[in-house]
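Okay, structure first, notes after.
Protein chains: 4
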Amino acid sequence: MTRVRMHAILDGDDPSWGRTFAVAIQTIIVLSCVAIAIETLPDNPLWLDRGLLGFELVVVSIFTVEYVARVWSAPNRLRYVFSVFGVVDLLSILPTLLLVGYDLHALRALRLVRVLRLFKLVRYVKAFERLARAFRSVLAELVVFAGLASIVLFLCASAIYWFENEAQPEVFASIPHSMWWAVVTLTTVGYGDAYPVTAGGRIFTGVMLLIALGIIAVPTGLVASALSSERVREAEGDRERDGGRP
Amino acid sequence: MTRVRMHAILDGDDPSWGRTFAVAIQTIIVLSCVAIAIETLPDNPLWLDRGLLGFELVVVSIFTVEYVARVWSAPNRLRYVFSVFGVVDLLSILPTLLLVGYDLHALRALRLVRVLRLFKLVRYVKAFERLARAFRSVLAELVVFAGLASIVLFLCASAIYWFENEAQPEVFASIPHSMWWAVVTLTTVGYGDAYPVTAGGRIFTGVMLLIALGIIAVPTGLVASALSSERVREAEGDRERDGGRP
Amino acid sequence: MTRVRMHAILDGDDPSWGRTFAVAIQTIIVLSCVAIAIETLPDNPLWLDRGLLGFELVVVSIFTVEYVARVWSAPNRLRYVFSVFGVVDLLSILPTLLLVGYDLHALRALRLVRVLRLFKLVRYVKAFERLARAFRSVLAELVVFAGLASIVLFLCASAIYWFENEAQPEVFASIPHSMWWAVVTLTTVGYGDAYPVTAGGRIFTGVMLLIALGIIAVPTGLVASALSSERVREAEGDRERDGGRP
Amino acid sequence: MTRVRMHAILDGDDPSWGRTFAVAIQTIIVLSCVAIAIETLPDNPLWLDRGLLGFELVVVSIFTVEYVARVWSAPNRLRYVFSVFGVVDLLSILPTLLLVGYDLHALRALRLVRVLRLFKLVRYVKAFERLARAFRSVLAELVVFAGLASIVLFLCASAIYWFENEAQPEVFASIPHSMWWAVVTLTTVGYGDAYPVTAGGRIFTGVMLLIALGIIAVPTGLVASALSSERVREAEGDRERDGGRP
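So the protein lines, in turn, are chains A, B, C and D.
Take the first sequence: its position 110, counted from the start at 1, is 110 in the working numbering, and no numbers get skipped.
Take the second sequence: its position 52, counted from the start at 1, is 52 in the working numbering, and no numbers get skipped.
Take the third sequence: its position 245, counted from the start at 1, is 245 in the working numbering, and no numbers get skipped.
Take the fourth sequence: its position 78, counted from the start at 1, is 78 in the working numbering, and no numbers get skipped.
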């Protein structure tokens with residue numbers, strides 16, 4: 001098998017094996033992430049833990065072969081190894097390779113790194129590119145709004161700290177503690193673990209919510225409108241290529 | 001009465017009886033669902049339970065006659081029986097027919113299947129078609145976003161499990177348990193039954209919310225914009241048919 | 001003073017007194033609603049309750065004079081009395097007139113009817129008309145979505161009742177009880193007084209939220225887009241009247 | 001150094017030092033706000049409190065020098081002192097200058113005023129101007145909706161007070177108390193500290209939520225659409241200036 005043919009198969013472009021290979025790898029990725037999730041369940045019977053470990057070893061073997069094949073067949077090997085996908089492919093196998101022989105429960109954090117193999121899926125989904133383009137086209141606005149959101153959160157946290165600190169010294173213990181309240185409230189999640197009880201704090205919260213929800217909601221609308229104008233542009237491009245009229 | 005006339009009445013197309021029949025069936029559907037809801041109330045007096053059972057038997061008799069008439073009058077009988085509406089019509093009567101003579105409280109699940117008769121309403125509402133068309137036109141995007149949402153939920157659940165598992169081993173017992181937190185938080189429902197308490201978990205939650213709300217909100221905007229462009233297209237179609245200029 | 005002049009003053013059209021009168025009445029409306037709110041506070045000192053009662057009597061006297069003047073000056077008296085504003089004007093004074101001499105605390109419900117005098121404000125705000133027009137232009141869609149929302153709420157309540165009734169017989173006692181959960185969850189309010197605890201109920205809730213949020217969010221987008229197209233139309237109308245080009 | 005050159009440096013327009021100075025001041029602003037936040041943490045060790053006090057004194061010295069330089073170099077000194085930025089610059093230094101020598105913990109409120117120095121950042125972010133323009137273009141609508149929102153909140157609070165006051169005299173003690181519930185519910189925050197328990201209150205809440213969410217959500221859409229049309233206008237302006245065709 002030539003390097004060029006191998007590269008085509010791995011990229012899903014090969015006419016006879018490309019599609020089969022892509023579907024197989026995607027299935028393995030999803031199954032292995034389901035296995036990681038089941039692994040974290042408490043009180044798993046021993047046979048299940050053993051089975052999951054076995055499955056993980058099989059998966060990592062496949063991913064290792066895939067990684068080696070990708071490095072071997074890459075037109076520019078160094079460039080692949082240091083590309084985003086190269087790093088993701090390596091991170092998918094490294095934790096298990098490093099942990100072979102160790103007590104798995106001792107290194108929980110390292111094992112969780114394996115969920116990053118979900119990003120291997122991104123390679124196969126063309127639609128992610130459109131999403132990425134839509135995000136990029138509103139990036140400048142999003143950065144400004146992230147800054148604005150941070151300032152608003154900080155000011156709201158300072159104000160509620162001023163109002164509530166005396167009444168609830170545990171919950172609103174400091175400005176950083178109050179930031180948690182500000183995030184949970186301004187995103188309207190509202191867990192109910194922190195809320196104002198003084199009249200001043202409640203009036204401030206009410207006015208703040210009515211004003212700030214507008215500001216938080218703007219980037220949402222921006223992404224949505226950018227994405228739909230992206231679709232219009234693509235549709236027009238298709239029509240022009242066909243030589244037809246809209 | 002001919003099969004053709006019967007078919008026209010059942011479809012609501014018959015000039016003299018179609019409309020009356022349609023309104024009558026819709027009223028019966030709504031009333032019978034209200035009856036099912038009342039039936040589930042605890043501590044109903046005996047006379048109410050008996051009355052609801054009697055009403056249910058009357059409703060099922062009517063629906064059975066309707067089903068037989070629909071099968072009899074259908075241009076292609078097999079096709080109707082296996083169509084979506086044919087199955088819905090059958091599911092509306094089957095549970096009660098099967099349960100006659102049994103203690104109703106023993107087969108709660110089967111009795112609840114009866115609420116599916118609400119779907120019989122869909123036949124009469126033209127606007128559902130427009131809604132269905134709008135959904136279909138953004139289906140590809142919605143599938144991509146459903147996939148993206150699943151990946152985001154899984155990654156967020158893994159991260160919060162990493163941060164919170166030690167501090168709250170009951171609530172964040174595993175990645176599947178943490179998925180519940182991720183869904184409730186990212187949809188901003190925020191029941192308050194699970195929330196991070198560690199500094200790391202809270203900072204992660206705050207950053208995650210600000211980023212992810214944008215992604216979750218996009219399909220919403222897509223459906224809304226598709227639906228309104230659908231209205232524009234229909235309005236233009238009407239105008240062209242009238243021979244007028246916009 | 002002629003009936004015509006009086007009518008002009010009451011409508012705010014009179015060049016010398018119309019504006020003054022309108023501002024005065026609006027101020028009285030807002031102040032009297034604030035007074036009603038303060039009146040409901042528990043543990044008011046006696047002097048405050050007496051002062052609020054005195055203020056209310058003054059307000060009702062003014063509104064009574066206004067009502068009599070409006071009836072007297074109306075071009076068509078019967079039509080005014082039975083118009084929406086005529087009924088609102090009457091409801092603003094009737095409770096207090098009926099309650100004079102009675103112990104106010106015994107008829108709480110009747111006293112609260114007085115907050116309806118807020119609707120007297122609507123007469124003075126031109127922008128409410130634009131809002132009303134925008135709502136009317138999407139009314140058909142909103143009715144369809146209200147119906148769809150009811151069906152979705154009912155089906156979700158039935159499903160969660162099926163999943164959770166055995167685990168939490170108090171909270172999910174029946175389908176009507178579960179409707180409360182469905183409303184609170186699908187609007188993403190999430191008080192935290194009712195939430196699923198079984199695995200089945202939680203998986204259903206997660207899937208339901210991701211699907212249904214789109215449907216609930218659509219009417220919102222419809223009103224917003226209708227309102228902004230309304231603005232565009234008005235702006236174009238203004239330009240055409242000015243004889244200019246857009 | 002001339003007054004003109006100093007003014008150019010302070011405004012960030014000076015070719016050699018302007019940019020450096022702007023970045024330095026922005027960094028100091030952000031760091032000093034982080035320091036204020038850390039200062040509020042309970043149980044800080046003594047060395048940290050001392051360090052933060054020292055840092056604050058350094059920051060205030062820099063800001064004082066900046067303020068004096070701005071006053072000195074301003075083309076119209078009085079106008080700068082009484083401009084928004086002049087007041088913000090003064091408020092950034094005044095609390096610390098006044099508090100030197102006093103026990104800082106006694107005057108918490110005054111110390112918190114220092115977070116207003118965040119507004120000094122606004123001077124450097126051009127995008128705030130676009131945001132401000134977008135807000136101004138929908139200001140009239142926002143004011144109307146703020147009024148409408150207040151009326152809706154008041155009416156909802158009155159209704160829930162009527163339904164729930166007897167069942168929960170503590171939580172729904174009065175209309176102002178119920179306003180807190182109305183704000184938390186209609187913004188879908190839903191802390192869970194106040195919710196209806198009677199059947200009437202719950203049915204009212206459900207209907208209210210389905211209707212009112214549309215009204216609350218409208219201003220959001222208005223700001224978003226105004227902001228994106230603002231972008232379109234700017235893009236067109238750029239193209240025309242380039243002499244090209246769109």
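By construction, the Cβ of each residue, glycine as well, lies at the ideal position given by its N, Cα and C atoms.
Keep in mind the model is a prediction, meaning the values are calculated, not measured.
What in chain C is Cβ-close to residue i, meaning under 8 Å?
i      : result
A:T188 : T188
Could you confirm whether any beta carbon from chain D is found closer than 8 Å to the beta carbon of residue i?
i      : result
B:P246 : With a pLDDT of 37 at B:P246, under the threshold of 50, the modelled position of that residue is not reliable, and the figure given next carries that caveat. Not one chain D Cβ lies under 8 Å of B:P246.
B:P219 : For B:P219, the predicted structure reports a pLDDT of 49, less than 50, and the residue's modelled location is therefore unreliable. A value from the coordinates is still provided. It does not; no Cβ of chain D falls within 8 Å.
C:W180 : yes
Check whether the Cβ of residue i lies closer than 8 Å to any Cβ atom in chain A.
i      : result
D:A132 : no
B:L155 : yes
Going along chain C, which residues have a C-beta under 7 Å from residue i?
i     : result
B:V23 : Neighbours of B:V23 on chain C: none; closest Cβ ~15 Å, over 7 Å.
Would you say residue i lies against chain B (beta-carbon separation less than 8 Å)?
i      : result
C:P42  : no
A:W47  : no
A:A167 : no
C:A173 : yes
A:A74  : no
A:V115 : yes
Going by the beta-carbon positions, is the gap between residue i and residue j smaller than 8 Å?
i      : j      : result
B:V189 : C:L155 : no
A:Y161 : A:I175 : yes
A:V4   : A:S32  : no
A:F55  : A:A35  : yes
A:S117 : A:I29  : Before going further, note that residue 117 of chain A is Arg rather than Ser in the sequence given. A contact, by the Cβ cut-off of 8 Å.
B:A199 : B:S178 : no
B:R123 : B:F85  : yes
A:G192 : B:G192 : yes
A:A194 : A:V184 : yes
D:V71  : D:V87  : no
D:R202 : C:W17  : no
D:L186 : D:A212 : yes
D:S83  : D:L10  : no
D:L163 : D:F119 : Inspection of the sequence shows that residue 163 of chain D is occupied by Phe rather than by Leu. No, Cβ-Cβ distance for D:F163 and D:F119 is not below 8 Å.
A:V197 : A:A167 : yes
Less than 8 Å between CB atoms is the rule here; does residue i satisfy it with respect to chain C?
i      : result
D:A69  : no
B:V84  : no
D:S158 : yes
A:D14  : no
Would you mind telling me which residues of chain B sit closer than 8 Å to residue i, beta carbon to beta carbon, in chain order?
i      : result
A:L118 : I151, F154 and L155
A:V81  : Correct list: empty, because the minimum Cβ distance to chain B is about 24 Å.
Which bits of chain D does residue i rub up against, with CB to CB less than 8 Å?
i      : result
C:V125 : V144 and G147
What in chain B is Cβ-close to residue i, meaning under 9 Å?
i      : result
C:P176 : A37, I38, T40 and L41
Residues of chain A with a CB under 8 Å from the CB of residue i: which are they?
i      : result
B:L210 : A146, A149, V183 and T187
- Item | Positions along the stretch 184-208 of chain A whose CB lies within less than 9 Å of some CB in chain G | Within the model displayed, chain G is absent; protein chains A, B, C and D are what it includes.
- Task: Count the C-beta pairs between the stretch 72-92 of chain D and the stretch 109-120 of chain D that are closer than 8 Å, then say yes if the count reaches three, no if not.
- Result: yes
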